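Chemist:
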Amino acid sequence: MRDYLGVVWAIVVKDATVEWRTKTAFMSAVVFAILVLSILYFARDPTAVSSMDIAPGALWVTFTFAAMVGLNRAFLLERENQAIDGMLLTPVPRTAIFVGKMTGNLLFVGFVELISVPLFVLFYNVSLAGRLPQLLAVTAMATLAFVAVGTLLSAMAVRTRFAELMLPILLLPFLIPPVVGAVQLTSRILAARPASELMGWFKLLAAFDIVFCVLAILLYEATLDE
Amino acid sequence: MYVRALAFTPVERLQGLAQKIYYVHVPVAIYALAAFAVTGLLSIAYLWLRDERIDRAAEASAEVGVVFSVVMLISGPLWGKPVWGTWWAWDARLTSTLFIFLLFVGYLIMRGAIVEVDLRARFSAVLGILGLALVPFIHLTVYLFRTIHPQPILFKPSAPSLPGVMLTTILLSLGVFTLLYVGFTTQRYAVASLRALREEELLSDA
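Order-wise, the sequence lines are chains A and B.
Residues 17 to 242 (the working numbering) make up the first sequence, in order.
Residues 202 to 407 (the working numbering) make up the second sequence, in order.
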């Protein structure tokens with residue numbers, strides 16, 4: 017178990033180091049997020065729809081698109097110079113490699129979200145006072161959901177033609193349950209609804225997380241060459 | 202069957218002639234979703250047995266499912282306009298079938314974007330399994346919104362509540378579409394087999 021976590025950690029550190037040296041992907045994801053947030057602010061009739069009404073949707077569309085930028089990069093990097101083959105030759109469990117990549121993506125998306133949320137508060141004039149723990153739970157669960165599926169699908173997408181186009185086509189259907197759930201939860205949390213109205217969606221997110229994390233880890237081996 | 206549907210069934214009192222589309226729409230919808238379920242199950246079987254033929258069958262079923270979905274998505278609005286008063290509504294069942302349809306269109310697009318046979322089979326199987334797991338989640342998600350779709354009257358716990366003539370027609374229609382699904386899928390499977398054979402020939406020639 018310790019060895020397993022050691023491998024996971026090593027991959028996370030490796031990915032973080034690579035990213036830290038250039039910061040290209042991270043910076044583009046952040047700028048992308050800011051752009052999407054501000055474009056969506058103007059994508060409404062200001063006399064008819066208040067910015068608060070579209071705020072939860074805008075937040076999650078932003079997170080989804082920004083995550084896609086990061087996910088596309090994750091395995092593209094490994095394809096260069098066949099780095100992935102080197103990793104697969106090492107005598108470590110292959111699921112550990114996948115969990116490592118997934119954790120790396122989770123960190124990447126997490127940091128992008130960490131920067132987007134204050135901007136979201138600023139742009140859309142929302143108050144998070146007292147709602148932060150709940151919002152944090154929603155964000156963590158939904159992010160885990162789409163990073164788990166996204167990491168697996170991006171490992172596959174990079175090996176097809178039109179790789180950059182393939183990931184969104186394959187991934188977006190899988191994002192419907194977590195994103196719809198997250199938007200519903202976010203709008204209810206921001207409107208300070210009672211916790212009983214949140215439970216159904218929280219259960220859905222939790223079930224999605226469990227099912228797709230397990231499936232992604234199990235199925236990763238099948239995507240590799242023997 | 203169409204003669205029967207058009208000439209012998211009574212005109213429904215509230216919906217008028219538009220109701221007759223039911224005899225196409227419902228069987229096609231059932232077989233579209235069944236086709237995707239078959240693809241999902243064959244995907245599991247493929248990863249288990251690693252037999253190329255299973256992959257071809259999964260592809261055939263997915264393709265027929267997509268065609269049936271298109272028929273379903275066209276016949277639905279034709280009925281929706283006179284009865285609901287709108288071509289399209291973001292109703293639960295409508296939305297979930299649309300997303301499942303898009304998922305399998307993606308499945309076919311991905312198949313087209315991979316040349317290597319073995320890789321294509323494995324990736325498709327992985328996607329098929331993920332898709333199978335996704336269906337209940339999509340259904341739950343959109344169900345937590347709300348539905349205006351007609352409630353099931355055929356497959357429900359109590360006895361079917363259709364008048365006799367309509368019941369026989371829909372059952373006949375279901376039978377016809379069963380044959381159609383099986384027929385299309387086996388034909389498509391044969392095409393896939395021939396194509397694989399041709400590819401092998403080309404490889405050995407080269």
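Just so you know, even glycine gets a beta-carbon here, dropped at the ideal spot from N, CA and C.
As the structure is a prediction and not an experimental result, all values here were calculated from the model.
Please report the straight-line C-alpha distance between Val-268 (chain B) and Ala-233 (chain B), rounded to a whole angstrom.
Modeler: Between Val-268 (chain B) and Ala-233 (chain B), the C-alpha separation is close to 8 Å.
Chemist: Check whether the Cβ atoms of Arg-177 (chain A) and Ala-314 (chain B) sit closer than 8 Å, and answer yes or no.
Modeler: Yes.
Chemist: Whole alpha helix (DSSP H) runs in the stretch 71–146 of chain A with 4 or more residues, listed along the chain?
Modeler: Qualifying alpha helix (DSSP H) stretches, in chain order: 99–105 and 110–140.
Chemist: Quick test of the definition: if touching needs 3 or more C-beta pairs under 8 Å, does the stretch 68–86 of chain A touch the stretch 35–53 of chain A?
Modeler: As far as the Cβ criterion goes, the stretch 68–86 of chain A touches the stretch 35–53 of chain A, which means the pair count is three or higher.
Chemist: DSSP state of Ala-171 (chain A), grouped into three classes?
Modeler: Of the three classes helix, strand and coil, the one that applies to Ala-171 (chain A) here is helix, per DSSP.
Chemist: Does the stretch 259–278 of chain B come into contact with the stretch 382–396 of chain B, if we say contact requires no fewer than three beta-carbon pairs (one atom in each stretch) closer than 8 Å?
Modeler: Yes: at least three Cβ pairs fall under 8 Å.
Chemist: Rounded to whole angstroms, what is the Cα-Cα separation between Thr-40 (chain A) and Arg-89 (chain A)?
Modeler: About 10 Å.
Chemist: Residues in the same chain with beta-carbon distance under 7 Å from Phe-378 (chain B), minus the five sequence neighbours each way, listed in chain order, please.
Modeler: So the qualifying residues of the chain are Pro-228, Val-229 and Tyr-232.
Chemist: Does the beta carbon of Ala-238 (chain A) sit closer than 8 Å to a beta carbon anywhere in chain B?
Modeler: So yes, Ala-238 (chain A) belongs to the interface.
Chemist: For the stretch 306–317 of chain B, which residues have a CB atom closer than 7 Å to at least one CB atom of chain A, in sequence order?
Modeler: Here the close residues are Gly-307, Ile-310, Met-311, Ala-314 and Ile-315.
Chemist: Could you tell me whether any Cβ in chain A is nearer than 8 Å to the Cβ of Val-327 (chain B)?
Modeler: Cβ-Cβ to chain A under 8 Å: yes for Val-327 (chain B).
Chemist: Among A:Leu-87, A:Phe-162 and A:Val-52, which has the Cα closest to the Cα of Phe-139 (chain A)?
Modeler: Out of A:Leu-87, A:Phe-162 and A:Val-52, A:Val-52 has the C-alpha closest to the C-alpha of Phe-139 (chain A).
Chemist: I'd like to know whether the C-beta of Phe-338 (chain B) is nearer than 8 Å to at least one C-beta of chain A.
Modeler: Interface residue, yes.
Chemist: Spell out whether any CB of chain A is found under 8 Å from the CB atom of Thr-342 (chain B).
Modeler: Yes, because at least one Cβ of chain A sits closer than 8 Å to the Cβ of Thr-342 (chain B).
Chemist: According to a CB-to-CB cut-off of less than 9 Å, which residues of the stretch 162–178 of chain A neighbour chain B?
Modeler: Against chain B - using a Cβ distance shorter than 9 Å - the residues of the stretch 162–178 of chain A are Val-165, Leu-168, Leu-169, Met-172, Ala-173, Arg-175, Thr-176, Arg-177 and Phe-178.
Chemist: Where do the ends of the alpha helix (DSSP H) carrying Pro-278 (chain B) lie?
Modeler: 253–285 is the span of the alpha helix (DSSP H), which, as asked, contains Pro-278 (chain B).
Chemist: What does Ile-330 (chain B) touch in chain A if you count any residue whose Cβ is under 8 Å from its own?
Modeler: Per Cβ cutoff of 8 Å: Leu-231 and Leu-235.
Chemist: If you measure between the beta carbons of Pro-278 (chain B) and Trp-289 (chain B), is that distance less than 8 Å?
Modeler: Yes, these two residues count as a Cβ contact at 8 Å.
Chemist: For chain A, check one thing: does any of its Cβ atoms lie closer than 8 Å to the Cβ of Ile-349 (chain B)?
Modeler: With a pLDDT of only 49 at Ile-349 (chain B), under 50, the local geometry of the prediction cannot be trusted, and no value is derived from it.
Chemist: Take Pro-109 (chain A) and list the residues in its own chain whose beta-carbon comes closer than 8 Å to its own, dropping the five residues that flank it on each side.
Modeler: Excluding sequence neighbours, Pro-109 (chain A) sits near Tyr-20 and Val-23.
Chemist: Excluding the five sequence neighbours on either side, which residues of its own chain have a C-beta within less than 6 Å of the C-beta of Phe-190 (chain A), listed in chain order?
Modeler: Answer for Phe-190 (chain A): Val-165, listed in chain order.
Chemist: Do you know how far the Cα of Thr-106 (chain A) is from the Cα of Asn-97 (chain A)?
Modeler: Straight-line Cα distance between these residues: approximately 16 Å.
Chemist: Using a Cβ cut-off of 8 Å (strictly closer), state whether Phe-139 (chain A) contacts chain B.
Modeler: For Phe-139 (chain A), the answer is no, since every Cβ of chain B falls outside 8 Å of its Cβ.
Chemist: Please confirm if the stretch 204–224 of chain A is in contact with the stretch 367–375 of chain B, defined as three or more CB-CB distances below 8 Å between the two stretches.
Modeler: No, because fewer than three Cβ pairs between the stretch 204–224 of chain A and the stretch 367–375 of chain B fall closer than 8 Å, the two stretches do not touch.
Chemist: Determine the DSSP secondary structure at Met-17 (chain A), reduced to helix, strand or coil.
Modeler: In the structure shown, Met-17 (chain A) sits in coil (DSSP, three-state: anything other than H, G, I, E or B).
Chemist: For Val-28 (chain A), which of helix, strand or coil comes out of DSSP?
Modeler: The answer is helix: DSSP assigns Val-28 (chain A) an H, G or I state.
Chemist: Determine which residues of the stretch 290–303 of chain B have a Cβ less than 7 Å from any Cβ of chain A, and write them out in chain order.
Modeler: Listed by position along the chain: Phe-300 and Leu-303.
Chemist: Just to make sure I have the definition right: I need the residues of chain A whose C-beta is within less than 8 Å of the C-beta of Arg-323 (chain B). Which are they?
Modeler: Correct list: Ala-238 and Thr-239.
Chemist: Confirm, please, whether the CB-CB distance from Thr-167 (chain A) to Lys-117 (chain A) is below 8 Å.
Modeler: It is a contact, given that the beta carbons lie within the stated cut-off.
Chemist: So, helix, strand or coil for Lys-219 (chain A), using DSSP?
Modeler: Here Lys-219 (chain A) sits in helix by DSSP.
Chemist: Is any heavy atom in the ligand NAP found nearer than 7 Å to the beta carbon of Leu-243 (chain B)?
Modeler: Only the bare structure without any ligand can be found here, which leaves the ligand NAP out of the picture.
Chemist: By the DSSP assignment, the alpha helix (DSSP H) with Ser-244 (chain B) in it spans what residues?
Modeler: Residues 223–250.
Chemist: Contact criterion: CB-CB distance below 8 Å. Does Gly-197 (chain A) meet it with respect to chain B?
Modeler: Yes, because at least one Cβ of chain B sits closer than 8 Å to the Cβ of Gly-197 (chain A).
Chemist: Does the CB of Ala-334 (chain B) have a neighbour CB from chain A at under 8 Å?
Modeler: Ala-334 (chain B) counts as touching chain A.
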